[in-house]
Amino acid sequence: MALHFGKRDIDQPKTLNQGMATPRYGQSTGGVTTPSQPSAAVPATPDVELPSSLATSPSTSSSAPEGGSKLTVGPNIKLKGVEITDCDTLVVEGMVEATMDSRVIQIAQQGEFKGSAEIDIAEIHGVFDGNLTVRNKLVIYSTGKVTGRIRYGKVVIEEGGQLSGDIECSVNAGNKIANKHAMALAA
Numbered sequence: 011m012a013l014h015f016g017k018r019d020i021d022q023p024k025t026l027n028q029g030m031a032t033p034r035y036g037q038s039t040g041g042v043t044t045p046s047q048p049s050a051a052v053p054a055t056p057d058v059e060l061p062s063s064l065a066t067s068p069s070t071s072s073s074a075p076e077g078g079s080k081l082t083v084g085p086n087i088k089l090k091g092v093e094i095t096d097c098d099t100l101v102v103e104g105m106v107e108a109t110m111d112s113r114v115i116q117i118a119q120q121g122e123f124k125g126s127a128e129i130d131i132a133e134i135h136g137v138f139d140g141n142l143t144v145r146n147k148l149v150i151y152s153t154g155k156v157t158g159r160i161r162y163g164k165v166v167i168e169e170g171g172q173l174s175g176d177i178e179c180s181v182n183a184g185n186k187i188a189n190k191h192a193m194a195l196a197a
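According to this note's numbering, the sequence shown is numbered sequentially starting from 11.
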């Protein structure tokens with residue numbers, strides 16, 4: 011029961027999405043119930059179709075772990091002069107100038123990262139310029155370009171991918187850094 015400008019409205023309570031101009035992400039417009047409809051749950055189906063460049067099949071899915079904290083810097087977004095910490099996955103679709111210590115970085119084809127990063131896994135479709143230490147695996151795709159001071163445990167470069175600068179395979183350095191993190195977590 012609601013009170014509107016002195017009038018009582020005895021209708022059933024409205025659902026969360028009722029009256030919204032656009033449906034919530036992941037719901038079709040048919041998923042909204044009205045007071046005259048029964049309140050049965052209607053499965054939501056997304057009306058959004060991913061472009062083929064973003065859709066992944068099981069055979070081409072990324073090696074990045076799912077879950078955890080994730081920061082996405084979208085297209086046409088510029089993030090400058092920050093330190094990124096406690097972020098499991100950073101997805102760069104815009105431009106980032108930062109220092110980071112994380113688990114995973116994914117740079118999209120139109121994405122660009124400038125600065126310093128110490129991470130476990132790097133998947134580069136776009137541009138990385140700066141100091142990059144990859145404790146486990148660096149993957150540079152055909153559209154990727156990595157320049158600067160690069161340290162990695164393992165590297166995979168697709169045909170067309172570019173890697174230039176001061177480059178060193180530092181499996182031992184990566185293990186020392188990983189051990190340092192493990193000791194810090196144990197304390």
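Beta carbons are placed, not taken as given, at the ideal position from N, Cα and C, and that holds for glycine.
Around the C-beta of E93, fewer than 16 other C-beta atoms lie within 10 Å, and the residue is accordingly described as exposed. Taking C-beta atoms as the reference points, I150 and I129 fail to come closer than 8 Å. Bounds of the beta strand (DSSP E) holding R145 are V137 to I150. Taking the C-beta atoms as reference points, R113 is found nearer than 8 Å to I131. In the DSSP assignment, S174 falls within the unbroken beta strand (DSSP E) covering Q172 to C179.
If you look at T99, you'll find it in the beta strand (DSSP E) that goes T99 to V102. With a 10 Å radius around the Cβ and a threshold of 16 neighbouring Cβ atoms, V137 comes out buried. The residues R161, in chain order, have a CB closer than 6 Å to that of S180 in the same chain once the five nearest residues on each side in sequence are set aside. Less than 8 Å separates the beta-carbon of K147 from that of G163. A distance below 6 Å between beta-carbons, with the five flanking residues on each side excluded, links T109 to the following residues of its chain, in chain order: E93, G125 and S126. Closest in alpha carbon position to G171, among V106, V165 and G154, is G154.
Annotation for A108: the continuous beta strand (DSSP E) segment containing it runs M105 to D111. For G84, the closest C-alpha among the options C97, M105, D96 and S152 is that of M105.
Non-local beta-carbon contacts of D98 in its own chain, meaning distances under 8 Å to residues more than five positions away in sequence, involve P75, G77, G78, S79, K80, S112, R113 and V114 in chain order. Comparing C-alpha distances from E178 to each of V102, T143 and K90 shows the shortest one belongs to T143. For S126, the enclosing beta strand (DSSP E) stretches over residues E122 to I134.
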